[in-house]
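Student:
Protein chains: 2
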Amino acid sequence: MFRSHTCGELRNSDIGKEVILCGWVQRSRDLGGMTFIDLRDRYGLTQLAFNMESNAPMCEAAREVSREYVIKVHGTVKERESKNLKMPTGEIEIIVTKLEVLNAAITPPFTIEENTDGGDDIRMKYRYLDLRRSSVRANLELRHRMAIETRNYLDKQLFLEVETPVLIKSTPEGARDFVVPSRMNQGQFYALPQSPQTFKQLLMVAGFDRYYQIVKCFRDEDLRADRQPEFTQIDCEMSFIEREDILQTFEGLVRHLFKTVKGIDIGELPRMTYADAMKYYGCDKPDTRFEMRFCELNEVVKGKGFKVFDDAELVVGICAKGCAEYSRKQTDELIEFVKRPQVGANGIVYAKIGADGSIKSTVDKFYSTEELNKWADVFNAEPGDLLMIMAGEPNKTRKALNELRLEMGTRLGLRNKDKYQCLWVVDFPLLEYSEDASRFFAMHHPFTSPLMEDISLLDTDPGMIRANAYDMVINGVEVGGGEYSHLQQRIAEKMFSILGFTDEEAQAQFGFLMTAFEYGAPPHGGIAFGFDRLCSLFGGSESIRDFIAFPKNNSGRDVMIDAPSTIHADQLKELGINTTHSD
Amino acid sequence: MFRSHTCGELRNSDIGKEVILCGWVQRSRDLGGMTFIDLRDRYGLTQLAFNMESNAPMCEAAREVSREYVIKVHGTVKERESKNLKMPTGEIEIIVTKLEVLNAAITPPFTIEENTDGGDDIRMKYRYLDLRRSSVRANLELRHRMAIETRNYLDKQLFLEVETPVLIKSTPEGARDFVVPSRMNQGQFYALPQSPQTFKQLLMVAGFDRYYQIVKCFRDEDLRADRQPEFTQIDCEMSFIEREDILQTFEGLVRHLFKTVKGIDIGELPRMTYADAMKYYGCDKPDTRFEMRFCELNEVVKGKGFKVFDDAELVVGICAKGCAEYSRKQTDELIEFVKRPQVGANGIVYAKIGADGSIKSTVDKFYSTEELNKWADVFNAEPGDLLMIMAGEPNKTRKALNELRLEMGTRLGLRNKDKYQCLWVVDFPLLEYSEDASRFFAMHHPFTSPLMEDISLLDTDPGMIRANAYDMVINGVEVGGGEYSHLQQRIAEKMFSILGFTDEEAQAQFGFLMTAFEYGAPPHGGIAFGFDRLCSLFGGSESIRDFIAFPKNNSGRDVMIDAPSTIHADQLKELGINTTHSD
Chain A
0 MFRSHTCGEL
10 RNSDIGKEVI
20 LCGWVQRSRD
30 LGGMTFIDLR
40 DRYGLTQLAF
50 NMESNAPMCE
60 AAREVSREYV
70 IKVHGTVKER
80 ESKNLKMPTG
90 EIEIIVTKLE
100 VLNAAITPPF
110 TIEENTDGGD
120 DIRMKYRYLD
130 LRRSSVRANL
140 ELRHRMAIET
150 RNYLDKQLFL
160 EVETPVLIKS
170 TPEGARDFVV
180 PSRMNQGQFY
190 ALPQSPQTFK
200 QLLMVAGFDR
210 YYQIVKCFRD
220 EDLRADRQPE
230 FTQIDCEMSF
240 IEREDILQTF
250 EGLVRHLFKT
260 VKGIDIGELP
270 RMTYADAMKY
280 YGCDKPDTRF
290 EMRFCELNEV
300 VKGKGFKVFD
310 DAELVVGICA
320 KGCAEYSRKQ
330 TDELIEFVKR
340 PQVGANGIVY
350 AKIGADGSIK
360 STVDKFYSTE
370 ELNKWADVFN
380 AEPGDLLMIM
390 AGEPNKTRKA
400 LNELRLEMGT
410 RLGLRNKDKY
420 QCLWVVDFPL
430 LEYSEDASRF
440 FAMHHPFTSP
450 LMEDISLLDT
460 DPGMIRANAY
470 DMVINGVEVG
480 GGEYSHLQQR
490 IAEKMFSILG
500 FTDEEAQAQF
510 GFLMTAFEYG
520 APPHGGIAFG
530 FDRLCSLFGG
540 SESIRDFIAF
550 PKNNSGRDVM
560 IDAPSTIHAD
570 QLKELGINTT
580 HSD
Chain B
0 MFRSHTCGEL
10 RNSDIGKEVI
20 LCGWVQRSRD
30 LGGMTFIDLR
40 DRYGLTQLAF
50 NMESNAPMCE
60 AAREVSREYV
70 IKVHGTVKER
80 ESKNLKMPTG
90 EIEIIVTKLE
100 VLNAAITPPF
110 TIEENTDGGD
120 DIRMKYRYLD
130 LRRSSVRANL
140 ELRHRMAIET
150 RNYLDKQLFL
160 EVETPVLIKS
170 TPEGARDFVV
180 PSRMNQGQFY
190 ALPQSPQTFK
200 QLLMVAGFDR
210 YYQIVKCFRD
220 EDLRADRQPE
230 FTQIDCEMSF
240 IEREDILQTF
250 EGLVRHLFKT
260 VKGIDIGELP
270 RMTYADAMKY
280 YGCDKPDTRF
290 EMRFCELNEV
300 VKGKGFKVFD
310 DAELVVGICA
320 KGCAEYSRKQ
330 TDELIEFVKR
340 PQVGANGIVY
350 AKIGADGSIK
360 STVDKFYSTE
370 ELNKWADVFN
380 AEPGDLLMIM
390 AGEPNKTRKA
400 LNELRLEMGT
410 RLGLRNKDKY
420 QCLWVVDFPL
430 LEYSEDASRF
440 FAMHHPFTSP
450 LMEDISLLDT
460 DPGMIRANAY
470 DMVINGVEVG
480 GGEYSHLQQR
490 IAEKMFSILG
500 FTDEEAQAQF
510 GFLMTAFEYG
520 APPHGGIAFG
530 FDRLCSLFGG
540 SESIRDFIAF
550 PKNNSGRDVM
560 IDAPSTIHAD
570 QLKELGINTT
580 HSD
């Protein structure tokens with residue numbers, strides 16, 4: 000037997016027991032008369048004690064083992080003289096009677112501690128050592144728990160997990176596919192799925208009624224921070240339902256996860272239309288942990304001779320509670336912030352509400368006190384508040400003000416990672432007009448249903464049609480999105496014509512799924528959650544990489560196993576391909 | 000609301016209720032005065048009734064809907080006049096008051112019935128229609144249940160599910176990899192994993208203690224019946240354990256699955272050494288649903304002038320209970336069976352035990368009655384039994400006799416697919432000698448531990464060393480296999496030298512994992528189950544394809560989506576590859 004207990008379970012009540020423990024040497028302290036070793040496994044740490052006086056040879060042996068050695072000890076549980084109440088096992092220690100080195104270890108390239116001395120690169124190269132750190136392991140334990148609870152919930156709701164294929168067909172629309180050359184069908188390629196979208200719709204056509212899958216998806220995109228070429232989705236679809244059923248079911252899932260994994264009751268999810276989200280937050284995934292809604296000022300600022308406002312299509316601002324005392328340095332910093340190319344604004348007009356209610360702006364020469372008071376009214380501003388106003392083309396201005404709002408939320412400590420605000424954003428536009436291509440594109444996919452009440456707009460004003468599409472947003476992060484599809488042939492054909500497809504083109508690109516629908520498709524809809532992202536949110540981290548056991552870096556490389564790599568000429572020959580790369 | 004109930008749930012107790020149902024038209028019968036429609040969904044069938052007398056327009060409408068139309072009906076639950084007690088809903092029918100066609104359907108290319116008229120090819124092309132058949136859906140429901148129960152069991156045993164990467168590195172050893180050209184690292188390729196072997200061992204080095212994953216794996220092999228290029232494993236590994244712990248844990252998993260999914264108690268799994276399996280069954284995965292063990296006759300048949308036996312290294316046979324009355328035609332058929340190239344034997348010597356205990360063989364001229372009685376003793380044969388004896392080179396003869404034994408088991412109805420016999424086959428050889436390469440190969444992988452008691456053979460007779468490796472066999476099918484690894488550096492080096500690796504070669508091929516082990520590896524071991532196979536066994540089918548939602552054919556093609564396929568020249572250019580295929 001290798002162990003009678005783990006390193007996390009011995010307590011006061013075990014005192015006197017003979018035990019066997021195994022694990023890694025976390026640290027070793029030689030105090031002359033006594034040597035102590037902290038032994039670590041997945042479950043915790045236990046202190047081993049070696050007494051030079053009572054057992055010199057054992058103590059000598061203990062001094063020989065270094066950090067990260069794998070050892071096995073026999074011993075007796077004893078009450079500690081100086082207890083460590085921060086450790087679950089801190090009331091006891093083990094008087095070791097036998098010590099066996101199971102495997103020696105060379106010195107790790109960084110310390111296996113919470114505050115490790117290892118940088119990102121070295122920790123990724125030795126990810127198997129990084130994973131020994133308890134915070135990293137805790138992230139993956141959380142991920143395991145999230146997956147189990149997701150499945151338990153969906154199973155109870157009669158969803159069936161169905162594995163869809165990984166080797167599928169490349170499709171020209173959408174993001175770039177990873178492809179796999181076929182040896183048996185030379186000159187041909189499989190593609191790795193960007194999502195199981197087609198297959199989940201086929202499962203609905205097949206009458207599976209309720210499908211889900213926690214599934215790897217792949218996109219060969221240029222990576223930015225926190226995008227991975229392979230990522231995991233919770234992919235779901237259900238039939239014979241209305242949008243309301245979908246929202247209830249999946250808000251139920253997230254409520255279940257918060258309850259079981261974090262012990263938090265998030266209550267009912269509020270809903271916000273896409274139009275409102277854009278109007279009040281300047282983005283389709285507002286962080287609603289804090290209010291600070293946009294207020295529009297066109298009515299009260301125009302025609303007073305301030306050209307910036309007079310020329311602007313939109314004048315809009317936010318009210319930062321209690322920031323009237325911001326120094327010049329602070330307000331300048333914020334102006335620098337919005338002028339950065341990523342934000343792209345020209346500046347900020349400030350107005351401060353003094354403690355006495357008096358208002359003072361950076362554009363006082365254009366506006367009377369009375370006029371400025373009207374501004375304050377629009378914002379419902381109170382003494383001590385700071386108004387921050389931007390102006391220009393509406394979309395660009397809202398986008399920039401959104402960045403400023405988030406920055407202010409962060410500065411004011413309103414974006415606490417342990418507080419969760421979830422919401423549904425609904426009624427996304429069905430179509431997006433591309434000036435470049437002079438045509439509409441489907442914002443989700445061509446089989447998404449329009450809202451029933453907007454169907455008449457198909458003929459008159461397609462750009463205004465709202466889709467039966469929805470996103471779940473938590474703390475300003477889009478964690479999931481989906482759409483509802485109940486397309487009669489007539490509407491499908493109309494959609495393809497609006498999207499500028501000839502019958503032949505529609506057939507070539509979507510013919511396979513359209514054919515399947517002709518055999519009797521139920522009304523259906525679903526959602527896909529980004530599982531890596533959902534885990535990172537639950538873990539209170541901004542990095543999805545911390546929640547992936549073996550992530551890739553920003554060049555799509557796994558630096559631990561050194562992939563991708565060159566392959567043998569024989570392999571290429573068998574596959575019937577050449578590389579055109581010249582080195 | 001689309002439905003108040005599913006098509007599987009209405010019973011006598013619901014009579015009088017107003018209900019809404021949705022589903023597909025399974026069949027429709029127009030009896031003149033009455034029209035009946037069987038409405039189908041995932042949960043069952045419900046009869047809809049339309050009465051020409053009481054509601055002529057509704058009845059007319061019902062006559063317009065064809066097979067596989069998707070419809071929604073309002074109606075009242077009524078007791079049926081002629082009940083169908085074979086159907087769970089067979090006591091009731093719905094008097095329809097409103098009928099809505101949600102989507103029409105064109106006529107499917109084959110009937111959606113248990114005994115469909117569709118051949119294999121057409122059903123694969125329209126797999127989404129094939130999946131509407133309840134037996135196919137039941138297979139995938141079973142698969143879902145198996146996965147959920149696997150996770151529940153392993154979660155209770157503190158195993159963590161960890162997702163390992165799909166885009167990994169190609170390794171020269173083993174089966175052929177599927178590869179994925181990297182666009183960002185041109186000239187380089189990822190490989191798809193044949194198994195997560197390396198990663199699961201790294202997770203043990205990382206201290207994860209207990210890992211599992213239900214995971215897709217990939218092998219670019221020439222396909223034979225029932226091999227798929229992508230397949231699913233239940234992959235598991237645990238640390239600080241002995242082999243006994245592994246066998247107990249995973250026999251517990253399979254026991255749990257049989258109990259919860261099939262309601263069968265399989266009890267303790269017997270164990271058989273590889274040596275015994277070969278000696279008594281001629282194969283390493285014996286079907287133990289029936290006995291019919293091999294009996295060796297060298298002691299009693301040699302030296303009587305029958306050259307075939309005298310020249311043979313091994314004379315071995317089986318006893319077929321109650322088959323003494325087999326006709327000449329039957330015994331000749333079996334001789335033809337063993338002479339087929341797949342079996343490759345020369346013939347069978349028969350001996351029949353008459354009802355009176357007298358024995359008569361096809362080689363009576365060489366053996367006295369007394370001698371033949373000794374044969375009967377070896378087999379413990381009884382009146383009415385048929386002895387079937389083969390002779391020749393031991394491995395070849397055992398292999399052929401194994402085929403004959405299985406054939407006899409099938410003929411005698413001893414291989415009932417609803418009866419389950421599980422066992423562990425243990426103590427596989429560590430090494431396999433290849434005459435061609437004049438060297439040893441690792442039968443599992445180079446890090447598998449030898450049995451402790453065989454370690455001394457490393458220097459003297461490596462071919463005789465038994466490995467700490469084991470397979471789980473159910474009904475003659477290997478459903479899982481694994482090995483235990485607790486390698487000290489000394490033994491690892493010895494192994495590499497026996498395998499003929501120079502230090503440099505060992506480093507090049509296994510260096511990465513060897514390095515990881517140097518940082519402190521715990522003793523660990525695990526198992527991988529073939530999940531598709533396990534599901535098909537539980538489903539009582541020999542075809543794994545029936546248990547995969549969207550399988551590929553023997554050419555590795557998905558004929559439904561038509562993959563693999565050619566891709567755009569632009570895609571190839573971006574990836575920096577050319578195809579050498581000429582059409």
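In order, the protein sequence lines correspond to chains A and B.
Residues in the first sequence are numbered consecutively from 0, following numbering that gives the first Met the number 0.
Residues in the second sequence are numbered consecutively from 0, following numbering that gives the first Met the number 0.
No residue lacks a Cβ here, since even glycine has one placed at the ideal position from N, Cα and C.
At 3 residues or longer, what runs of the beta strand (DSSP E) sit wholly inside the region 248 to 282 of chain A?
Tutor: Counting only runs of 3 or more, we get 270 to 272.
Student: Since I believe valine 69(B) is in contact with isoleucine 14(B) (beta carbons under 8 Å), could you give me their beta-carbon distance rounded to a whole number of angstroms?
Tutor: About 26 Å; that fails the 8 Å criterion.
Student: Methionine 145(A) to tyrosine 210(A), Cα distance in whole Å?
Tutor: C-alpha separation (whole angstroms): 18 Å.
Student: How far does the alpha helix (DSSP H) with glutamine 506(B) in it reach, from first residue to last?
Tutor: Element bounds for glutamine 506(B): 502 to 517.
Student: Against chain B, which members of the region 144 to 168 of chain A pass a CB distance test of less than 7 Å?
Tutor: Answer in chain order: Ala146, Ile147, Arg150, Asp154, Leu159, Glu160, Val161, Glu162, Thr163, Pro164, Val165, Leu166, Ile167, Lys168.
Student: How do the region 462 to 476 of chain A and the region 416 to 430 of chain A stand: do at least 3 beta-carbon pairs fall below 8 Å, yes or no?
Tutor: Short answer: they touch.
Student: Using beta-carbon positions only, say whether valine 18(A) and glycine 74(A) come within less than 9 Å of one another.
Tutor: Contact flag set, yes.
Student: Is it the case that the Cβ atoms of leucine 47(B) and valine 95(B) are separated by a distance below 9 Å?
Tutor: Contact: yes.
Student: Say whether chain A places a C-beta atom closer than 9 Å to the C-beta of alanine 27(B).
Tutor: It should be pointed out that residue 27(B) corresponds to serine in this sequence rather than to alanine. It does not; no Cβ of chain A falls within 9 Å.
Student: Taking 9 Å as the cut-off, decide whether the C-beta atoms of cysteine 58(A) and leucine 38(A) are in contact.
Tutor: No, they are not a contact pair.
Student: How do the region 412 to 426 of chain A and the region 245 to 257 of chain A stand: do at least 3 beta-carbon pairs fall below 8 Å, yes or no?
Tutor: Counting Cβ pairs under 8 Å, three or more are found: they touch.
Student: Below 8 Å between beta carbons is the criterion; list the residues of the region 177 to 204 of chain A that meet it against any residue of chain B, in chain order.
Tutor: Listed by position, the residues of the region 177 to 204 of chain A near chain B (Cβ gap below 8 Å) are Phe177, Val178, Val179, Pro180, Ser181, Arg182, Met183, Asn184, Gln185, Gly186, Gln187, Phe188, Tyr189, Ala190, Leu191, Thr197, Phe198, Leu201, Leu202, Val204.
Student: To be precise: take each residue of the region 557 to 571 of chain A, compare its Cβ to all Cβ atoms of chain C, and keep it if any distance is under 9 Å. Which residues remain?
Tutor: In the structure shown, chain C does not exist; the protein chains are A and B.
Student: Could you tell me if proline 108(B) is buried or exposed, where buried requires 16 or more neighbouring beta carbons within 10 angstroms of its beta carbon?
Tutor: Classification for proline 108(B): exposed.
Student: How many angstroms separate the CA atom of valine 300(A) from the CA atom of phenylalanine 308(A)?
Tutor: The alpha-carbon atoms of valine 300(A) and phenylalanine 308(A) are separated by roughly 7 Å.
Student: How close, in whole Å, do the beta carbons of leucine 20(A) and cysteine 534(A) come, if the pair is a contact with beta carbons under 8 Å?
Tutor: Not really, about 31 Å apart at Cβ, beyond 8 Å.
Student: Compare the beta carbon distance of aspartate 234(B) and lysine 199(B) with 9 Å and say whether it is the shorter of the two.
Tutor: Taking 9 Å as the Cβ cut-off, aspartate 234(B) and lysine 199(B) qualify as a contacting pair.
Student: Between which two residues does the beta strand (DSSP E) harbouring glutamine 329(B) extend?
Tutor: It is not in any beta strand (DSSP E) - glutamine 329(B) instead sits in the alpha helix (DSSP H) that spans 327 to 338.
Student: Quick one: using the 10 Å Cβ neighbour count with 16 as the cut-off for buried, is threonine 447(A) buried or exposed?
Tutor: Label assigned to threonine 447(A): buried.
Student: Tell me, to the nearest whole angstrom, how far the beta carbon of glutamate 229(B) is from that of leucine 166(A); I am working on the premise that it is less than 8 Å.
Tutor: Confirmed, Cβ separation roughly 6 Å.
Student: Output the boundary residues of the alpha helix (DSSP H) element that contains glutamate 573(A).
Tutor: Looking at the DSSP string, the run of the alpha helix (DSSP H) that includes glutamate 573(A) is 568 to 574.
Student: For phenylalanine 1(A) and chain B, any beta-carbon pair shorter than 9 Å?
Tutor: With 9 Å as the cut-off, phenylalanine 1(A) counts as an interface residue toward chain B.
Student: State the CB to CB distance for the pair alanine 323(B) and isoleucine 352(B), rounded to an integer number of angstroms; the pair is presumed to be in contact (CB under 8 Å).
Tutor: The Cβ separation is near 6 Å, so the contact holds.
Student: For alanine 520(B), return the contacting residues in chain A, with the cut-off set at a CB-CB distance below 9 Å.
Tutor: Neighbours of alanine 520(B) on chain A, chain order: Val69, Leu101, Asn102, Ala104.
Student: Applying the criterion that 16 or more other CB atoms from any shown protein chain within 10 Å of the CB defines a buried residue, is alanine 568(A) buried or exposed?
Tutor: Alanine 568(A) is exposed by the Cβ-count criterion.
Student: With distances taken from CA atoms, which of Glu381(B), Val362(B), Asp208(B), Ile265(B) is nearest isoleucine 388(B)?
Tutor: Comparing Cα-Cα distances from isoleucine 388(B) to each of Glu381(B), Val362(B), Asp208(B), Ile265(B), the minimum goes to Val362(B).
Student: Are the region 210 to 219 of chain A and the region 188 to 202 of chain A touching, with three or more C-beta to C-beta distances below 8 Å?
Tutor: At 8 Å Cβ cutoff, the stretches touch.
Student: So is asparagine 432(B) buried or exposed if we call it buried at 16+ other beta carbons inside 10 Å?
Tutor: Note on residue identity: the sequence assigns tyrosine, not asparagine, to residue 432(B). Per the 10 Å Cβ criterion, exposed.
Student: Quick one: measure Cβ to Cβ for phenylalanine 378(B) and cysteine 294(B), integer angstroms, because I've assumed they're closer than 8 Å.
Tutor: Contact flag correct, Cβ pair sits at about 5 Å.
Student: Specify, as a first and last residue, the run of the beta strand (DSSP E) that glutamate 431(B) falls within.
Tutor: Glutamate 431(B) -> beta strand (DSSP E) spans 430 to 433.
Student: Which runs of the beta strand (DSSP E) spanning at least 3 residues fall entirely within the region 160 to 211 of chain B, listed in chain order?
Tutor: Qualifying beta strand (DSSP E) stretches, in chain order: 178 to 180, 188 to 190.
Student: Name, please, each residue of chain A whose Cβ falls closer than 9 Å to the Cβ of cysteine 21(B).
Tutor: The answer, in chain order, is Ser238, Phe239, Pro521, Pro522.
Student: What does leucine 405(B) touch in chain A if you count any residue whose Cβ is under 8 Å from its own?
Tutor: Going along chain A, no residue has its Cβ under 8 Å from leucine 405(B), so there is no contact; the nearest lies around 30 Å.
Student: How many whole angstroms separate the CB atoms of alanine 205(B) and alanine 311(B), which I take to be in contact at a CB cut-off of 8 Å?
Tutor: About 54 Å; that fails the 8 Å criterion.
Student: Between Glu381(B), Asp116(B), Asp286(B), Gln232(B), which lies nearest to aspartate 531(B) when the distance is taken from Cα to Cα?
Tutor: When only C-alpha atoms are compared, the closest one is Gln232(B).
Student: Can you tell me whether tyrosine 349(B) is helix, strand or coil according to DSSP?
Tutor: In this structure, tyrosine 349(B) counts as strand in the three-state DSSP scheme.
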